[in-house]
Amino acid sequence: ATPSFIEEYGIRPNRLFLEYLIYPREVFSMLWAQYKPQLFIASILVPLAAWGAWIIFGWSLRHRTGWSLMRRIVVFPLLAALIVLGARSSLGHRPANISTAAFSSDPLVNDLALNSTYSVMYAAYRMKDEKEAGKFYGRMSEEEIVRRVRQAMDAPESAFIDPALPTQHHQTASRKIDRPYNLVIVLEESMGAQFVETLGGRPLTPRLVQLSTEGLWFENLYATGTRSVRGIEAVTTGFLPTPGRSVVKLSSFGKPFFNLAGYLKGYGYQSVFVYGGESHFDNMRGFFLSNGFDRFIDEQDYTQWEFKGTWGISDEDLFVKANQEFEAYGDQPFMGLIFTSSYHSPFEFPEGRLTPEELSDNPEHNAIRYADFALGRFFDLARRSSYWNRTIFLVVADHDSRVRGANLVPIRHFKIPGLIIGPGISPANYTNVASQIDLPPTLLSLMGISGGHPMVGRDLTLPPRPDGGRAIMQYATNQAYRIGDQVIILQPQQLPAQYTYRNQELVDKKTSPDPELAANALAHALWPSLAYRKNYHTLP
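Residue numbers (the working numbering): 608 to 1147.
Here it is in structure tokens:
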């Protein structure tokens, strides 16, 4: 499995190798659709390897002889010493661990020095530390973590309103609205900046580019992670990423967890999550229905459709269903979250949607063109709807496709498109660095909703900070903290390193990192685990 996994994710098999096994229908359907040669080869090589091992080593079982008790007592210390040394793999003060192999700035090179079975088993072992997953970057007092996280927020000290919830603060909206605006979030699967021409990518999303001239367009927006559940987490809860599993998958262990749907319920909103696949995937249904969403639409709720693939209902059918749901609310204010899935391996979509000029030999390019086509169709429907003139729309990718590269954190593959359209939102380009976690507070501000919440993201409707903006990115077990063009990289059990982000690459500064910048990076890496463990990311 390793070569195919590396091709897809840029690293050896890790925790994803285990996590996705709990979704057998989606995973094995995808494997059968896209990896038939590998499955066929494995079905031959694995039995051959077992047979060969028996031929080579079977004689030792067939010809073994018993040892006397005395002989075993004499030999045991030698064997025990060899086993201990083998397990430690080092004569140094500390035993070898996964960070021992980290000698390059290219994460794949570091991973190649490891063993795939070891990597998977190590990931399984680390799951026990999920609630404190950030601690292997270093330690810092809770008081200092809170102080540094607060300083990085767009909130004066007087705005913090609850001593029991350190980041709970009052946000004042940048505009006043007489009537509540609806909110619709379109989360586009894997639609990274590499597919958007105006963001330096390929010309594969013309409809999104056209839409970008109608609202607030983010030119330097970055995802918090590399998987869909990270994008969902950031855009709906404003929560920072950790090297452990997303809070959506953790299901909060029964704790109430802040998200926009639950928050807006206090303002009289109803909410619906519209998805084309199975809602149990990544524990989405369990998390969102227990934290504020009123309804969850998945593939079982569709009575008719034009096309259904491995990952569920096509984007077109998804958007038609969403439009019907939104129309049904009438004058009731609502929040809708639409999560697409057509641009997902094995890249299936209905025929006849793309012109011969748009079709190519690259199935991924065809699929992203279709996703863009379906998005355009949705906005055609929405413009003719009863809710169009009183709805704020956010279109954003959950993450880029196939994040990989020769940097410890391949930042260029974290860049994603983001667009906010709605009444009173003038066309403009936001050029500072921004993060997915900044989108929820920005949406509340544009909706005219003032109130208290625990999100640490910045309201991007306010004048940009002179620091150039901020983004936090999680890549496997590495975390990047970016301010302007300066980046701190945190790695497990290693000292922080500082880089300059230039021409889409990290350039090593070759000097000790700025102590304040490194401390802020550590605070933001430690905050999520602390906030989750102590239930700080919630409402009073």
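Every residue, glycine too, gets a C-beta built ideally from N, C-alpha and C.
Give the C-beta separation of residue i and residue j to the nearest angstrom, bearing in mind that I take them to be a contact with Cβ-Cβ under 8 Å.
i     : j     : result
I613  : R619  : 7 Å
G822  : A830  : About 20 Å; that fails the 8 Å criterion.
T774  : P1061 : 5 Å
F825  : G1076 : Actually they are not in contact, since the Cβ atoms of F825 and G1076 sit about 10 Å apart, beyond 8 Å.
V756  : H1131 : 6 Å
A929  : G899  : So it is not a contact: roughly 18 Å between Cβ atoms.
S1008 : G799  : 5 Å
I792  : I945  : 7 Å
R1065 : A1078 : In fact, because the Cβ distance is near 11 Å, the residues do not count as touching under 8 Å.
W1134 : L847  : 6 Å
M728  : T917  : Actually they do not touch by this definition, with Cβ atoms about 29 Å apart.
V879  : R902  : 5 Å
G1059 : H777  : 5 Å
G884  : D905  : 7 Å
Nearest CA to the CA of residue i: which residue from the options?
i     : options                   : result
M1080 : G832, P850, I784, D718    : G832
R984  : M747, T812, V879          : T812
L871  : Q939, K915, P631, Q1101   : Q939
Y642  : S611, T1038, L625, Y627   : S611
G807  : F664, A1013, R1011, I1023 : I1023
T998  : R1009, F986, S1008, D1005 : F986
M760  : T843, L1067, G1055, K928  : L1067
Q877  : F933, S948, A1132, K1116  : F933
I1056 : H670, F743, N789          : N789
D718  : P1071, G1012, R976, F888  : G1012
G1054 : K783, P714, E615          : The amino acid at residue 1054 is misidentified as Gly; the sequence shows Met. Comparing Cα positions, the closest option is K783.
S797  : Q1093, P1120, T947        : T947
L828  : R834, F1021, S675         : F1021
P1103 : D1115, F980, R1109, A766  : D1115
D1074 : V1040, V1063, S1052       : V1040
D979  : V1003, A1083, Y994, L1113 : V1003
P1101 : L1015, E633, R1072, S781  : Reading off the sequence, residue 1101 comes out as Gln, not Pro. The residue with the shortest Cα to Cα distance from Q1101 is L1015.
N1030 : I690, F664, N996          : According to the sequence displayed, residue 1030 carries Pro and not Asn. The option with the nearest alpha carbon to P1030 is N996.
P1017 : A1087, N1036, P1120, S952 : A1087
A1138 : G943, P1071, Y936, F864   : F864
A731  : I651, R1109, E626, V691   : E626
L1001 : S1033, E971, L988, L1050  : L1050
P1034 : Q817, D713, R834, A989    : Q817
Checking the sheet assignment: what are the DSSP bridge partners for residue i?
i     : result
A1154 : Examination of residue 1154 is not possible in this model, given that the chain is present from 608 through 1147 alone.
R1107 : Before going further, note that residue 1107 is Thr rather than Arg in the sequence given. Per DSSP, Q1093, V1114.
A1087 : M1080, I1096
F825  : G1025, Y1037
T998  : N789
K915  : I920
Could you check if residue i is buried or exposed, using at least 16 other CB atoms within 10 Å of its CB as the buried criterion?
i     : result
E923  : buried
R852  : buried
A1128 : buried
V1214 : Lying outside 608 to 1147, the shown extent of the chain, residue 1214 is not represented and no answer is given.
N1085 : buried
E913  : exposed
Q1187 : Since the first residue shown for the chain is 608 and the last is 1147, residue 1187 is missing from the structure and cannot be characterised.
S786  : Ser is not the amino acid found at residue 786; the sequence shown has Arg there. With fewer than 16 other Cβ atoms within 10 Å, it is exposed.
F860  : Only weak support exists for where F860 lies, its pLDDT of 48 falling under 50; the value from the coordinates is given anyway. Its Cβ having fewer than 16 others within 10 Å, F860 is exposed.
E1123 : exposed
Y874  : exposed
W666  : exposed
V855  : buried
H887  : exposed
P702  : exposed
T843  : buried
Q1098 : buried
T1038 : exposed
P1164 : Not covered by the structure: residue 1164. The range shown for the chain is 608 to 1147.
Y725  : exposed
A841  : buried
E795  : buried
May I ask you to check if the CB of residue i is nearer than 7 Å to at least one heavy atom of the ligand NAD?
i     : result
L1026 : No copy of the ligand NAD appears in this structure; indeed no ligand is present at all.
>> List, from N- to C-terminal side, the alpha helix (DSSP H) runs of 4 residues or more that fit wholly inside the segment 745-794.
In response: Those alpha helix (DSSP H) runs which fall completely within the segment 745-794 and span 4+ residues are 749-758.
> In chain order, which alpha helix (DSSP H) runs of at least 4 residues are fully inside the segment 857-913?
Replying inline: With a minimum length of 4 residues, the continuous alpha helix (DSSP H) runs that stay inside the segment 857-913 are 867-872, 891-896.
> What residue ranges within the segment 662-689 form continuous beta strand (DSSP E) runs of no fewer than 3 residues, ordered along the chain?
Replying inline: Counting only unbroken stretches of 3 or more residues, no beta strand (DSSP E) element lies wholly within the segment 662-689.
>> Could you tell me which whole beta strand (DSSP E) segments of length 3 or greater appear in the segment 1016-1077?
In response: Listed in chain order, the complete beta strand (DSSP E) runs (minimum 3 residues) inside the segment 1016-1077 are 1022-1028, 1035-1037, 1058-1060.
>> As an exercise, report each continuous alpha helix (DSSP H) stretch of at least 4 residues that is fully enclosed by the segment 918-972, in chain order.
In response: The qualifying runs are 922-935.
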